[in-house]
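Residue 38 is where the sequence shown starts when you use the working numbering, and the numbers rise one by one after that. One structure is given below, encoded as structure tokens.
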Amino acid sequence: MGWTDQQRRALERMTATRSRRDEVYADVANDRDLTAEERDERIRAVVRAAWKILATRPDWARVIEPEPPAPDFPEVWARLVARRRANG
38 MGWTDQQRRA LERMTATRSR RDEVYADVAN DRDLTAEERD ERIRAVVRAA
88 WKILATRPDW ARVIEPEPPA PDFPEVWARL VARRRANG
């Protein structure tokens, strides 16, 4: 008995999902055994590198300026907090 097209597509979707999951696990595998201090140092190194890159831009000061919050930020935030509290 052969596979139907529907079964074949479902199997392809499951295989693709599994391979994406495996890719993510492979990406973080090197970080799994790090101590908190080692993770902190890795993050600090990334931030330092990002600042060096930003410093080479002529518009760096504008790029790092904080953006003002959206006008509806308080309402959106309150709604998100309420939803989180309701859903545990």
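Where is the CB? At the ideal position from N, CA and C, for every residue including glycine. Predicted model only: the values in this text are computed from it and were never measured.
For residue j and residue i, the rounded distance between their alpha carbons
i, j, result
"R76", "R85", "14 Å"
"E104", "W97", "14 Å"
"I90", "D64", "23 Å"
"T52", "G39", "18 Å"
"E78", "V100", "25 Å"
"N124", "T54", "27 Å"
"R45", "R69", "35 Å"
Coarse secondary structure for residue i, derived from DSSP in three states
i, result
"P95", "coil"
"E112", "helix"
"E102", "coil"
"A107", "coil"
"W88", "helix"
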